[in-house]
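Following: one structure in structure tokens, then a few remarks.
In the working numbering, the protein residues as written are 91 to 372.
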């Protein structure tokens, strides 16, 4: 299937030790300063060694076998466009428009495509009819995706799009999408790409924030779940850096309110639509 891509894109570890030969207070005064320093250094080294062996995700209930979703933001911004979901508000340029620096423009009429890309970067927010793109390290089973837009609205949908904007009258409501899995590499997309396409004639609401979600109910061809990489799992477990964690929390709360637990999320992107008529009223 050829997609009209360019047009649509617009522990803390506790340690304690005990010894039967603990010196009395009188004997303690005989300890030299050098001996005290040696003991302190030894304890410090032991604590450091123990700490490095503890994985903060070791006890987090999350699948470890399956096909991994691509979720590498730095890579997407520097080299490979589809290494992170698109659209995403983490991929905006300094003007508030989409950062499309790594979008493939070396095909067809280069000047025409590059012109379209530059125009898209100048617009604030994302298109209300933009598909959402996720990529995986391997193939997934299309039969584990919703069969169509109506199924994408069901409570047990394996992928979905939801309004997470508290200022929207449709806050917490799912928006219909058509899932399309593209296994083979194309002109403007990579292999193993999942597209969530809005239904024609049913655009997203303008100036509204949405979350697109892939759950572990999506499986690969061996029946194993799609899973998130470590960076995403840290967000789901609540141990990511403060900035990243606070950025995703509003979306995670809405997703949980729909009955989808955090450890059921395999990939996630949050983005805000622009207004197609903003400049007309400027």
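Positions of the beta carbon are idealized from the N, C-alpha and C atoms, including for glycine. Just so we're clear, the structure is a prediction, and the values are computed from it rather than from any experiment.
- C-alpha of residue 297 to C-alpha of residue 243: approximately 22 Å in a straight line.
- When DSSP reads this structure, residue 254 sits in no beta bridge, so it has no partner.
- Residue range 320 to 327 is occupied by the alpha helix (DSSP H) that includes residue 320.
- In the DSSP secondary-structure assignment, residue 301 is bridged to 252, 360.
- Considering only 357, 150, 341, 365, the residue with the shortest C-alpha distance to residue 263 is 341.
- Residue range 267 to 272 is occupied by the beta strand (DSSP E) that includes residue 268.
- Annotation for residue 286: the continuous beta strand (DSSP E) segment containing it runs 283 to 288.
- Annotated as distal: residue 222 and residue 293, with beta-carbon spacing of 9 Å or more.
- The C-alpha of residue 289 is placed about 25 Å away from the C-alpha of residue 173.
- Within the model, the alpha-carbon separation for residue 226 versus residue 285 is close to 12 Å.
- Excluding residues up to 5 positions away in sequence, 161 lie with their Cβ nearer than 6 Å to the Cβ of residue 322 in the same chain.
- With distances taken between CA atoms, residue 356 lies nearest to 315 out of 328, 335, 365, 315.
- Proximity of the segment 305 to 319 to the segment 252 to 259 falls short of the contact definition, fewer than three beta-carbon pairs being nearer than 8 Å.
- Sequence-distant Cβ neighbours of residue 324 in its own chain, meaning closer than 6 Å and more than five residues away, are 330.
- Assignment of residue 344 by DSSP, reduced to helix, strand and coil, places it in the helix class.
- Taking the CA atoms as reference points, residue 231 sits about 14 Å from residue 224.
- Linking residue 171 to residue 310 through their CA atoms gives a straight-line distance of about 23 Å.
- Within its own chain, the residues whose Cβ lies closer than 7 Å to the Cβ of residue 366, once the five positions on either side in sequence are excluded, are 218, 296, listed in chain order.
- DSSP places residue 158 within a strand segment (E or B) once states are collapsed to three.
- Taking each of 184, 190, 169 in turn and checking the Cα distance to residue 177, the smallest one comes out for 190.
- Note that the C-beta distance between residue 317 and residue 152 is below 9 Å.
- Around the Cβ of residue 145, a 10 Å sphere holds fewer than 16 other Cβ atoms; the residue is exposed.
- Taking the Cβ atoms as the reference, residue 277 lies roughly 25 Å from residue 251, outside the contact range of under 8 Å.
- The criterion of a C-beta distance shorter than 9 Å is satisfied by residue 299 and residue 362.
- Counted as a single uninterrupted DSSP element, the stretch harbouring residue 181 is not any beta strand (DSSP E), since DSSP gives it neither H nor E.
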